[in-house]
Amino acid sequence: MPGATVPAVGSGSSSSSFWVRVLDKRSGKYYYWDKVTNKTVWKEPPGYAAQQASPNPTPTLAPRPAADSRQAVPSRPGPSKTAPPAVTAPPVDRSPPNTCPVAASYDGTSRRPSSAGPFPLRDCSIRAGPAAVDPDTSGDAIGDAKAPQQDGAVEQAGEVEQGFDLEAGDVVPPDTSVPVVVLHPATTSTPASSFRSSTSLLQSLKFAKHRSNVVQRVLRIGGILTEDQLMSFQKTPIRKALLKQNRQLDAEVMQGCKNIQSYMEDRASSKLPVYHAQKLLKAALAGDCHFRDELYLLVCKQIHNNPNDYHTLRGWDLILIFLAAFPPGPFSLVYLKKRIEAATSAEILRRASAVADRIPQICRLGPRRNTPSLAEISSIPRFKQLDIVVTFLDRSTRIFQVDSYTTVREFRRQIGMKCNLTVASPFNLYAVSATGQRSALDGDRCVLDLLVALCGSDVPASADAPFCMGGMRIEYRCEIVLPIDRTEIASDLTAVHLMYSQAVEDMRTMPKMHSIDQAVDMAAFQLQATYGDAKRDMHTPSWVSVRIREILPECIVRGLSSHLAEIERVASAISAGYLALNGTSPHAAKVAFIRAAESLPLYGSTVFDVQYGAKARLLAILHVASSGVYLMDRTSKEVVEAMPWATIESHGNTDDRLVLSVKRNAKASITIMHPKAAHISKLIGDYRAAIANGLRAIY
Numbered sequence: 001m002p003g004a005t006v007p008a009v010g011s012g013s014s015s016s017s018f019w020v021r022v023l024d025k026r027s028g029k030y031y032y033w034d035k036v037t038n039k040t041v042w043k044e045p046p047g048y049a050a051q052q053a054s055p056n057p058t059p060t061l062a063p064r065p066a067a068d069s070r071q072a073v074p075s076r077p078g079p080s081k082t083a084p085p086a087v088t089a090p091p092v093d094r095s096p097p098n099t100c101p102v103a104a105s106y107d108g109t110s111r112r113p114s115s116a117g118p119f120p121l122r123d124c125s126i127r128a129g130p131a132a133v134d135p136d137t138s139g140d141a142i143g144d145a146k147a148p149q150q151d152g153a154v155e156q157a158g159e160v161e162q163g164f165d166l167e168a169g170d171v172v173p174p175d176t177s178v179p180v181v182v183l184h185p186a187t188t189s190t191p192a193s194s195f196r197s198s199t200s201l202l203q204s205l206k207f208a209k210h211r212s213n214v215v216q217r218v219l220r221i222g223g224i225l226t227e228d229q230l231m232s233f234q235k236t237p238i239r240k241a242l243l244k245q246n247r248q249l250d251a252e253v254m255q256g257c258k259n260i261q262s263y264m265e266d267r268a269s270s271k272l273p274v275y276h277a278q279k280l281l282k283a284a285l286a287g288d289c290h291f292r293d294e295l296y297l298l299v300c301k302q303i304h305n306n307p308n309d310y311h312t313l314r315g316w317d318l319i320l321i322f323l324a325a326f327p328p329g330p331f332s333l334v335y336l337k338k339r340i341e342a343a344t345s346a347e348i349l350r351r352a353s354a355v356a357d358r359i360p361q362i363c364r365l366g367p368r369r370n371t372p373s374l375a376e377i378s379s380i381p382r383f384k385q386l387d388i389v390v391t392f393l394d395r396s397t398r399i400f401q402v403d404s405y406t407t408v409r410e411f412r413r414q415i416g417m418k419c420n421l422t423v424a425s426p427f428n429l430y431a432v433s434a435t436g437q438r439s440a441l442d443g444d445r446c447v448l449d450l451l452v453a454l455c456g457s458d459v460p461a462s463a464d465a466p467f468c469m470g471g472m473r474i475e476y477r478c479e480i481v482l483p484i485d486r487t488e489i490a491s492d493l494t495a496v497h498l499m500y501s502q503a504v505e506d507m508r509t510m511p512k513m514h515s516i517d518q519a520v521d522m523a524a525f526q527l528q529a530t531y532g533d534a535k536r537d538m539h540t541p542s543w544v545s546v547r548i549r550e551i552l553p554e555c556i557v558r559g560l561s562s563h564l565a566e567i568e569r570v571a572s573a574i575s576a577g578y579l580a581l582n583g584t585s586p587h588a589a590k591v592a593f594i595r596a597a598e599s600l601p602l603y604g605s606t607v608f609d610v611q612y613g614a615k616a617r618l619l620a621i622l623h624v625a626s627s628g629v630y631l632m633d634r635t636s637k638e639v640v641e642a643m644p645w646a647t648i649e650s651h652g653n654t655d656d657r658l659v660l661s662v663k664r665n666a667k668a669s670i671t672i673m674h675p676k677a678a679h680i681s682k683l684i685g686d687y688r689a690a691i692a693n694g695l696r697a698i699y
């Protein structure tokens, strides 16, 4: 309980009194409250000293009426002539972000948002004490008439304004309890009977008491602003949160209001508006859902009855920027719907329609994990998409467009369609750093959110320029490498070309190759696929020797670098093989190259540096390939554990641990430690499903 509370009970005191000393935060003085009779006095009551000396305070509380479902908060003594009132005020409970309310499904119509549908809401009541209170009867409904009062303890609640205002954050006795109802998306299947409509949450929320000027606020005189007055445009920043339950956020809300007014140009500022928007997004994503609700309400307030039409459009632009980063709560969604229905002009109607369309999308994605870049924020009011440069393994690049709601899975589908891929499921997107380290992009995450996390891009680039990657590139490569003889792959010319480019890259960086003759054959196929039919007077052994570093693995080139005679012999063999392939089409040469690469043990493998063993003390390189899973010693590059797909019976994982159940002479399990154990487990599952049921089983 806020303030210093010292219970004092004595054996000689009356059994019908139990006094508690409470600090009044506004005046800095202490007053005394009788927990039995709810009486409060400023002076020390008789018998308090004797109660304080008692080692075992045991109050005798009067029985509560059975019909009263609420507990009264004691009145504080004040200068008012009337009897001090008692008000029900919930203790401040700042819920964590993962228990925040999320907007219900919204289709842009005039229906009230409901918890049913694709975004079910689960009731997670967090109680502040032992007694339970029905949230539907614990206060006034927003926009409705006052609920009927119960008992004399709350009959004079309206007169608190003349004395001491007991609002959220003030002293609440320790035995009172008011529930804080929190609704958040259900992570598991929940029966429909347990879903609570957002109406109960709306009825449990109340506006804080606001007045029109500083003098009235300080002296607490004059009328309190009505809901319509409070939710209308004002030139000066507000001084406290709009909702009474969010009074602990007064400072953050006041600063947020200043930034909103600066972005809308209702307030002068030396910074560009985009920096104010990014500051708001950064604070909103670092805060909880209650602060995000306040931001939505503040923008709804500033666009209502705003005398400047241009500033009103800027407010709608800011709502669109918010909807690109975090969803509205069920309470702010009601006011967004009101503003959408009240839209009149063509420009506002365009933005209101976009808001109605994007609410379900951001509710599906949830809040972003990283603050959007300046380039993305600048593109949203212009209804522009950002250009993303994607690199393919044949060293070609293409530009694709994404928006704030494009997920990695949708981006992959877009690339497959534009590249005329009929078999796109084996391919994935990777972020490749300047040092060559690859990180697979999660299919359910927003593309721009992931790129900001990986690249740290905060460059104020133009919305017309490609997204700044900060030294990192996006690579499109084959993740599930399956035999080329599968009908669905061999018939797709684009898929064969992409797999061939990846096979060339894998062969060039292969750590060990036992047969130089096989490397010579593959080099001939590569030349035929790249240059077409050989010409005897042009493609001579000397011409091949110049390109020998491009067509042979590095491990073989290192062995030949000091033997010129051996280099000439290998170049002559490659030239002869190349001439023998005359008449072979480039596509057939690519297929033959891939078939030759498939005979290599670690062809097409995805590599991870892992720890394994009983206590995860052994260091190794994990290869997940088309033939199985392999553990290779880091020093000797020898395979220490070979697990073909036929021997792997099952697999499972935690956040950093992967367990493989392998069938050998006796059933055994192998434990592998890696921070991305979930991604490795998914990759193994995709391979097993594709081998058993074909590529259609992967996605």
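For what it's worth, UniProt numbering labels the leading residue of the sequence shown as 1, then goes sequentially.
Every residue gets a Cβ at the ideal spot worked out from N, C-alpha and C, and that includes glycine.
All values derive from a computational prediction rather than experimental measurement.
Pull up the distance between the alpha-carbon of residue i and that of residue j, whole angstroms please.
i, j, result
"SER439", "SER433", "9 Å"
"TYR30", "LEU451", "55 Å"
"ALA666", "THR647", "11 Å"
"residue 719", "ALA453", "The displayed coordinates of the chain run from 1 to 699. Any statement about residue 719 would go beyond what the structure contains."
"HIS623", "ASN693", "22 Å"
"VAL154", "LYS35", "Note on VAL154: pLDDT 29, under 50, position unreliable in the model; the coordinate value appears next. Near 16 Å, if we compare the C-alpha coordinates of LYS35 and VAL154."
"ILE484", "VAL662", "27 Å"
"LEU683", "ILE480", "8 Å"
"SER636", "PRO511", "10 Å"
"LEU658", "TYR612", "9 Å"
"CYS124", "ASP293", "Unreliable placement is indicated for CYS124, whose pLDDT of 32 sits below 50; the coordinate value is still reported in the next sentence. For CYS124 and ASP293, the distance between alpha carbons rounds to 19 Å."
"GLU598", "LYS282", "49 Å"
"SER515", "ASP533", "26 Å"
"SER269", "TYR263", "9 Å"
"HIS17", "GLU44", "A quick correction: the sequence has Ser, not His, at residue 17. Between SER17 and GLU44, the C-alpha separation is close to 13 Å."
According to DSSP, is residue i part of a helix, a strand, or is it coil?
i, result
"GLU294", "helix"
"CYS446", "strand"
"LYS235", "coil"
"MET673", "strand"
"CYS419", "coil"
"TRP42", "coil"
"ASN693", "helix"
"VAL546", "helix"
"LYS590", "helix"
"ALA440", "strand"
"PHE411", "helix"
"LYS682", "helix"
"ALA453", "helix"
"LEU660", "strand"
"ALA668", "strand"
So the beta strand (DSSP E) residue i belongs to, where does it begin and stop?
i, result
"PHE400", "397-402"
"residue 705", "The chain is shown from 1 up to 699; residue 705 falls before or after that span and cannot be answered."
"VAL610", "606-612"
"GLU475", "473-478"
"residue 721", "With the chain covering only 1 through 699, there is no way to say anything about residue 721."
"TYR30", "30-34"
"VAL432", "427-432"
With residue i as the anchor, note down where its alpha helix (DSSP H) starts and where it stops.
i, result
"CYS555", "554-560"
"ASP517", "516-531"
"TYR48", "48-52"
"SER501", "493-508"
"VAL570", "564-580"
"LEU600", "Looking at the DSSP string, LEU600 is not in any alpha helix (DSSP H), and its letter there is neither H nor E."
Within this structure, are the beta carbons of residue i and residue j separated by less than 7 Å?
i, j, result
"VAL447", "VAL402", "yes"
"GLY577", "ALA524", "yes"
"VAL299", "LEU318", "yes"
"GLU566", "LEU560", "yes"
"VAL610", "ALA620", "yes"
"LEU600", "ARG477", "no"
"ALA596", "MET522", "yes"
"PHE291", "GLU347", "no"
Cβ of residue i less than 7 Å from any chain C Cβ?
i, result
"GLN437", "Although the question refers to chain C, the structure presented lacks it and comprises just one protein chain."
(request) Starting from the N-terminal side, write out each stretch of the alpha helix (DSSP H) that is 4 residues or longer and does not extend beyond the UniProt domain "MyTH4" (233-381). (result) 250-263, 273-286, 289-303, 309-323, 330-341, 346-365, 374-379
(message) To test your reading of the DSSP string, which unbroken beta strand (DSSP E) runs of 3 or more residues are found completely within the region 622-657?
(response) 628-633, 639-644, 648-653
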